[in-house]
């Protein structure tokens with residue numbers, strides 16, 4: 004909470020085909036956070052770790068975008084648990100499963116590893132406008 008805070012308006016796309024437009028969030032820009040840590044330059048993927056053992060992966064080029072942020076507030080109120088509180092990553096250009104709820108750690112990797120949903124049939128990337136819902140590994 005001591006890091007620079009920003010307000011965001013972002014669309015939110017669920018893999019189950021619904022979207023919520025113009026969602027109001029408050030949090031910390033990913034790029035501001037990244038200025039505070041040192042990452043091995045060989046890192047090409049990130050594993051998002053969450054309470055409850057959930058994981059999802061994201062390529063570093065998808066993570067390091069200006070519009071991505073760590074959200075702790077939704078519509079002016081603390082982020083409710085059922086929406087990922089106390090903290091979730093929000094990656095507006097990918098499906099919501101890449102915006103992991105209940106975030107408690109990031110693991111920077113020099114290779115791609117599949118997270119929970121990716122191991123269970125979801126697409127490795129998850130871009131909504133390309134309809135990257137399901138992996139071709141399971142076709």
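In the working numbering, the protein residues as written are 4 to 142.
Ideal placement from N, C-alpha and C gives every residue a C-beta, glycine not left out.
In the structure shown, residue 25 adopts extended strand secondary structure according to DSSP, grouped into three states.
Linking residue 52 to residue 108 through their CA atoms gives a straight-line distance of about 5 Å. Between residue 13 and residue 95 a beta carbon distance of about 4 Å is seen, short of the 8 Å cut, so the two are scored as contacting. Each of 5, 73 and 25 was checked against the Cα of residue 89, and the nearest Cα belongs to 73. The shortest CA-to-CA distance from residue 84 to any of 103, 68, 67 and 66 is the one to 103. One alpha carbon belongs to residue 10, the other to residue 27, and they sit about 7 Å apart. In this structure, residue 101 sits away from residue 124, with a CB-CB distance that is not shorter than 8 Å. By the Cβ neighbour-count rule, residue 63 is exposed, with fewer than 16 other Cβ atoms within 10 Å of its own.
Shown here for residue 71: same chain residues with a beta carbon closer than 6 Å to its own, the five before and five after excluded, namely 33 and 94 in chain order.
Taking 8 Å as the cut-off, the Cβ atoms of residue 50 and residue 112 count as close. Residues 16, 18, 129 and 131 of the same chain have their beta carbon placed closer than 6 Å to that of residue 98, with the five preceding and five following residues left out of the count. For residue 37, the enclosing alpha helix (DSSP H) starts and ends at 33-37. In terms of Cβ geometry, residue 120 and residue 59 form a close pair [threshold 8 Å].
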